[in-house]
Amino acid sequence: MTDIGRRPAGGEQLTANGRFALTARILVVNILPLLIMGGGLFYLDGYRTQLINERFKLARIEAQITAEALAGASRDRQNALLVQIGKEQRLRMRMFDADGKLTADSFALADPAFRFNDISDDDWEQRFARWLDRTVDTIVSAESVQDYIEPEAQDADAWPELARARELGLSQVRLYDWRDGTPVITAAAPVGLQGATLLTVRNAVDITDRVREARSTLGIAMLIVMAASALLSLFLARTIVTPLRQLARAAMRVRQGREREVEVPRLPQRRDEIGLLARAVSDMTGTLRHRIDAVDSFAADVAHEIKNPLASLRSAIESLPRVEDPALRNELIQIATHDVRRIDRLVSEISEASRIDAEMSRATREQIDLADLVEAIIGGREHRAENEGRRIELITTVPAALVCGVGIRLERLVENLLDNAV
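Count the sequence shown with my numbering and you get residues 68 to 489, in order.
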């Protein structure tokens, strides 16, 4: 099994994998909702559809009312109404007779009430707006709309809505798109009972302007909020990642053993979980350093204790071949035997100490009243007559002396102290 937590000694990595780094996670968690909110930019298409539907109703009503006003009026009166209503409502209005021939055009009778935008004169902002409109339409799978093109032949056959209005006797509305994406709404209505028809054309540029304005406002707000969220996320990540990285560097130096005294930052100014972790790691490092010192001291003591009997044993063995006196030889053998026993006893004691230390690290500690423990041990020794006629008495000035430890080891410690005392 591969241990992903270990690295070669010379290739330590103090930065997390980019995909799992805390900074990346914090940024994703804080920015993802804003990106989802940014999806509202694309669903402004619903707002555009609502505006167009409202204009459909308005165009139908305008065509019906205008057709009723034109019915029965003289030719001059009809022309005047077409010009007046066209200017007031910013419409192009055309009349066709029963044969489908154009009889009146408000744009021919007076100055045009509106002009279509010439896209060749657009600046980069307008070109970008058109590109964004097309992109949104593609993403939301908007229904394709026929382009608005002025027919060369000015007769009713060029307008399907006119033929349908004449056939059904009801007003008809149709949607086109100008080359810059602006909706063009046409409405046709029958005029009187003689087969004449009315066609109105509206350049609904205000719909495009309102949708683009709403999209721009939402986009700017989203960018501002996203920038603020990113800055706050980076600040939050810095307050978390920087101290963790400091702790990681200190732990790395401890593991590598390159420095005798590694200063682990305790971060006393931090009162949160990061501060608790820093102080816990610092305390753990101090405890580890003390244990290493204890092991070094223990090894030095062991070497010193074993060196003395070894020196005596070596001297006795080296002297033995040169001694002819049987009594002296027997004495040297006894010395060597005694030194061997001393070494064996030292090895046993070292093994016992190591075993006790290991057991202590695994043992479960509990609250123990030392006064009660010592009282029980003294009573047991008196019952077994182990005090060699001496009287041992416990005198305490406190009601309880509570310590946290391993009961059996404390009991053995007290037993050894009493054995040495008597």
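Ideal placement from N, C-alpha and C gives every residue a C-beta, glycine not left out.
task: List in chain order: all unbroken alpha helix (DSSP H) runs of 4+ residues lying wholly within the segment 155-202.
output: 173-176
- prompt: Grouping DSSP H, G and I as helix and E and B as strand, with all else coil, what is Ile307?
  reply: On the sequence shown, residue 307 is found 240 positions in, with the first residue counted as 1. Three-state DSSP puts Ile307 in a helix.
- prompt: Considering only residues of the segment 403-445, which uninterrupted beta strand (DSSP E) runs meet the minimum length of 3 residues and lie entirely inside it, listed in chain order?
  reply: 433-436
query: How big is the Cα-Cα spacing for Glu234 and Leu169?
result: The count along the sequence shown starts at 1 and reaches residue 234 at position 167. The count along the sequence shown starts at 1 and reaches residue 169 at position 102. If I take the Cα positions, the gap works out to 18 Å.
- request: For the segment 126-145 and the segment 299-308, state whether three or more C-beta atom pairs, one from each stretch, are separated by less than 8 Å.
  value: no
message: Quick check on Ile252: buried or exposed, where buried means 16 or more other Cβ atoms within 10 Å of its Cβ?
response: For the purposes of this step, residue 252 is taken as residue 185 along the sequence shown, with counting starting at 1. So Ile252 ends up on the buried side.
message: With distance defined between alpha-carbon atoms, name the residue in Leu285, Asp247 and Ile287 nearest to Ile216.
response: Residue numbering aside, residue 216 sits at position 149 when the sequence shown is read from its first letter. Comparing Cα-Cα distances from Ile216 to each of Leu285, Asp247 and Ile287, the minimum goes to Asp247.
- prompt: Among Ile384, Pro376, Val441 and Ser386, which has the Cα closest to the Cα of Arg412?
  reply: Here residue 412 refers to the residue found at position 345 when the sequence shown is read from its first residue. Arg412 has its Cα closest to that of Pro376, out of Ile384, Pro376, Val441 and Ser386.
task: Have a look at Arg157 and Ala254 and give me their C-alpha separation to the nearest angstrom.
output: Here residue 157 refers to the residue found at position 90 when the sequence shown is read from its first residue. Here residue 254 refers to the residue found at position 187 when the sequence shown is read from its first residue. Roughly 14 Å between the two C-alpha positions.
- request: Check each candidate in Arg194, Asp224, Ile152 and Gln323 and name the one with the smallest Cα separation from Phe163.
  value: The count along the sequence shown starts at 1 and reaches residue 163 at position 96. Cα-wise, what sits closest to Phe163 is Asp224.
- prompt: Going by DSSP, which residues form a beta bridge with Gly472?
  reply: For the purposes of this step, residue 472 is taken as the residue at position 405 of the sequence shown. Paired residue(s): Glu433.
query: Tell me the DSSP bridge mates of Thr267?
result: For the purposes of this step, residue 267 is taken as the residue at position 200 of the sequence shown. In DSSP, Thr267 forms a bridge with Met160 and Ala254.
Residue range of the alpha helix (DSSP H) that includes Asp363: On the sequence shown, position 296 is the one that residue 363 refers to. Asp363 -> alpha helix (DSSP H) spans Glu340 to Ser386.
message: When you compare the CB positions of Val348 and Leu314, do they come within less than 7 Å of one another, or not?
response: What you label residue 348 is simply residue 281 of the sequence shown in a count that begins at 1. What you label residue 314 is simply residue 247 of the sequence shown in a count that begins at 1. Their beta carbons are under 7 Å apart, which means Val348 touches Leu314 by this criterion.
- prompt: Exposed or buried, Trp198, counting other C-beta atoms within 10 Å across all chains shown (16 or more means buried)?
  reply: In the sequence shown, counting from the first residue as 1, residue 198 sits at position 131. That one is exposed.
query: Whole-angstrom Cβ separation of Arg159 and Phe183, contact assumed at under 8 Å?
result: Taking the sequence shown and counting its residues from 1, one reaches residue 159 at position 92. Taking the sequence shown and counting its residues from 1, one reaches residue 183 at position 116. The Cβ separation is near 10 Å, so there is no contact.
message: In whole angstroms, give me the CA-to-CA distance for Arg476 and Arg408.
response: In the sequence shown, residue 476 corresponds to position 409, counting from 1. In the sequence shown, residue 408 corresponds to position 341, counting from 1. Distance between the alpha carbons of Arg476 and Arg408: 27 Å.
message: Check for me: the beta strand (DSSP E) holding Leu260 runs from which residue to which?
response: Position 193 of the sequence shown, counted from the start, is the residue given in the question as residue 260. Premise fails: Leu260 is in no beta strand (DSSP E) and is neither H nor E.
- request: Have a look at Thr264 and Pro179 and give me their C-alpha separation to the nearest angstrom.
  value: Locating residue 264 in the sequence shown gives position 197, counting from the first residue. Locating residue 179 in the sequence shown gives position 112, counting from the first residue. Distance between the alpha carbons of Thr264 and Pro179: 21 Å.
- prompt: Nearest-angstrom Cα distance between Arg275 and Phe181?
  reply: As a first step, residue 275 must be located in the sequence shown, where it is residue number 208. As a first step, residue 181 must be located in the sequence shown, where it is residue number 114. Note that residue 275 corresponds to Thr in the displayed sequence, not to Arg. Distance between the alpha carbons of Thr275 and Phe181: 15 Å.
message: Does Leu149 pass the burial test, meaning 16 or more other C-beta atoms within 10 Å, or should it be called exposed?
response: The residue you call residue 149 lines up with position 82 of the sequence shown. Leu149 is buried by the Cβ-count criterion.
query: With Ala20 and Leu440 assumed to form a contact (beta carbons below 8 Å), what rounded beta-carbon distance in angstroms separates them?
result: This structure cannot speak to residue 20, because the chain is shown only from 68 to 489.
field: Start-to-end residues for the alpha helix (DSSP H) that takes in Leu235
entry: For this step, residue 235 is matched to residue 168 along the sequence shown. Leu235 -> alpha helix (DSSP H) spans Pro227 to Leu235.
field: Burial state of Asp185 (16 or more Cβ within 10 Å)
entry: For this step, residue 185 is matched to residue 118 along the sequence shown. Exposed is the call here.
message: Relative to the C-alpha of Leu469, which candidate in Ala438, Ile462 and Thr431 has its C-alpha closest?
response: Start at 1 with the first residue of the sequence shown, and residue 469 comes out as number 402. Ranking the options by Cα distance to Leu469, first place goes to Ala438.
message: I need the straight-line Cα distance from Gln239 to Glu228, nearest angstrom please.
response: Numbered from 1 along the sequence shown, position 172 holds the residue referred to as residue 239. Numbered from 1 along the sequence shown, position 161 holds the residue referred to as residue 228. Distance between the alpha carbons of Gln239 and Glu228 is about 6 Å.
query: Does DSSP put Leu334 in a helix, a strand or coil?
result: Within the sequence shown, numbered from 1, the residue matching residue 334 stands at position 267. Leu334 falls in the coil class under three-state DSSP.
- prompt: Going by alpha carbons, who is nearest to Ile152 out of Ala304, Val212, Ala394 and Thr267?
  reply: Taking the first residue of the sequence shown as 1, we reach residue 152 at position 85. Selected option, being the one with the closest Cα: Thr267.
- request: State the beta-bridge partners of Leu242 as determined by DSSP.
  value: Sequence index remark: in the sequence shown, residue 242 carries index 175 (1-based). According to DSSP, Leu242 bridges with Ile252.
field: Spatial neighbours of Glu129 in its chain, beta-carbon cut-off 7 Å, leaving aside the 5 residues before and after
entry: Position 62 of the sequence shown holds residue 129. If we look at Glu129 and ignore the five residues flanking it on each side, its Cβ neighbours are Gln156, Ala254 and Thr267.
Proximity winner among Phe365, Val390 and Leu237, relative to Ser418 (alpha-carbon distances): Translated into the one-based positions of the sequence shown, residue 418 becomes position 351. Among Phe365, Val390 and Leu237, the Cα nearest to that of Ser418 is on Phe365.
- request: Tell me whether Asp273 sits in a helix, a strand or coil according to DSSP, three-state version.
  value: The residue labelled residue 273 in the question sits at position 206 within the sequence shown. In this structure, Asp273 counts as helix in the three-state DSSP scheme.
task: Could you check the C-alpha separation between Glu416 and Asn483 for me, to the nearest Å?
output: Here the question's residue 416 lines up with position 349 in the sequence shown. Here the question's residue 483 lines up with position 416 in the sequence shown. Distance between the alpha carbons of Glu416 and Asn483: 14 Å.
Exposure label - Ile462; buried when at least 16 CB within 10 Å: On the sequence shown, residue 462 is found 395 positions in, with the first residue counted as 1. Exposed: under 16 other Cβ atoms inside 10 Å.
field: 4 or more residues per run - each alpha helix (DSSP H) lying fully within the segment 111-140
entry: 111-137
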